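In what follows, a structure is listed as structure tokens, so that the remarks can point back to it.
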Amino acid sequence: MTSRPTGTLAQRKRQLVADELTQAALTLLAREGFDAVTVDEIAAAAGVSKRTFFRYFASKEDVVVQFLADMGAAMCDELASRPATEPPSAALRHTVWRSVDACAGHADRALRVVQLILGTPALLARFLERQAQWREELAAEMAERLGLDLATELYPRLAAGMALTAFHTVLQRWSDSDGTEDPAALTEQSFTVIGPALDAVARPGTPGPGPSRS
């Protein structure tokens with residue numbers, strides 16, 4: 001009976017150290033540049049040893065990957081929480097906005113982290129890798145919401161892919177503008193463009209438009 005409180009305390013302590021390492025790493029990496037910062041410097045900034053760093057992360061890249069994992073989890077949670085009757089475009093717009101707002105809401109440091117990710121080839125590759133994973137998770141949620149078979153229907157993955165393209169495009173424009181463009185307006189503009197396609201979903205048994213036979 002005493003193992004549960006001990007385990008919970010251990011988990012909380014572990015999470016606290018992980019959070020401190022993440023904060024220290026992202027601050028240093030965003031300020032100094034990815035290649036200029038060493039693991040020793042990150043560990044020192046967090047007040048832990050290099051050995052402790054490697055208990056939590058395999059590399060500098062993995063610190064950023066955890067930041068990205070949190071973004072993906074937030075999007076999946078948001079989509080799952082949207083009302084079942086909400087149109088796909090609205091549900092996915094709120095889903096994307098949750099993670100965009102999480103970045104924009106912590107303006108300066110988050111902007112530098114986004115610029116770091118988009119401007120560092122190794123990190124951009126991991127970001128794109130994560131987006132592929134998020135697409136599958138969002139597609140599965142969309143299939144469940146709409147009663148579609150993920151194994152046979154194209155719509156769920158196409159919808160998830162469009163939403164993530166909008167997400168990436170908004171972050172890229174916000175990053176390129178050095179934070180001067182409004183991410184909320186960019187998100188709205190993106191979904192104004194893709195919304196009609198997202199809402200033109202064929203329900204099971206409802207034929208969509210066929211290929212041109214002209």
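If you count by UniProt numbering, then the sequence shown holds residues 1 to 214, one letter each, in order.
Glycine included, each C-beta is placed from N, C-alpha and C at the ideal position.
All of these numbers come straight from a predicted model, not from anything done at the bench.
If we ignore side chains and look at the alpha-carbon of each, how far apart do residue i and residue j end up?
| i | j | result |
| --- | --- | --- |
| residue 230 | L154 | In the structure as shown, the chain begins at 1 and stops at 214. Residue 230 is therefore absent and cannot be evaluated. |
| K60 | A25 | 8 Å |
| F15 | V63 | The sequence shown places Gln at residue 15, rather than the Phe named in the question. Each residue's Cα considered, the two are about 13 Å apart. |
| G72 | Q131 | 8 Å |
| A200 | V170 | 23 Å |
| L9 | D19 | 15 Å |
| W134 | R98 | 14 Å |
| A102 | A184 | 11 Å |
| A91 | K13 | 36 Å |
| T192 | R112 | 28 Å |
| D40 | S49 | 8 Å |
| L146 | T187 | 23 Å |
| T38 | E78 | 35 Å |
| A151 | A36 | 45 Å |
| R173 | P196 | 22 Å |
| R126 | V17 | 23 Å |
| P83 | R51 | 46 Å |
Determine the contact status of residue i and residue j, defining contact as a CB-CB distance below 8 Å.
| i | j | result |
| --- | --- | --- |
| L138 | M75 | yes |
| A159 | P88 | yes |
| L128 | A30 | no |
| M162 | L198 | yes |
| F167 | V96 | yes |
| F53 | L21 | yes |
| R109 | T27 | yes |
| L164 | P156 | no |
| A80 | E141 | yes |
| F34 | T120 | yes |
Where do the ends of the alpha helix (DSSP H) carrying residue i lie?
| i | result |
| --- | --- |
| V64 | K60 to S81 |
| G195 | P183 to D199 |
| F39 | Correcting the residue identity first, residue 39 is Val in this sequence and not Phe. Per DSSP, V39 belongs to the alpha helix (DSSP H) from V39 to A46. |
| F127 | P121 to L146 |
| P87 | Here P87 belongs to no alpha helix (DSSP H), and DSSP marks it neither H nor E. |
| G161 | Y155 to D176 |
| F54 | K50 to Y56 |
* Asked: With contact counted as at least three CB pairs below 8 Å, one residue from each stretch, are the segment 35–52 and the segment 67–87 in contact?
  -> no
* Touching or not, the segment 179–187 and the segment 48–68, by the rule of three or more beta carbon pairs under 8 Å? -> no
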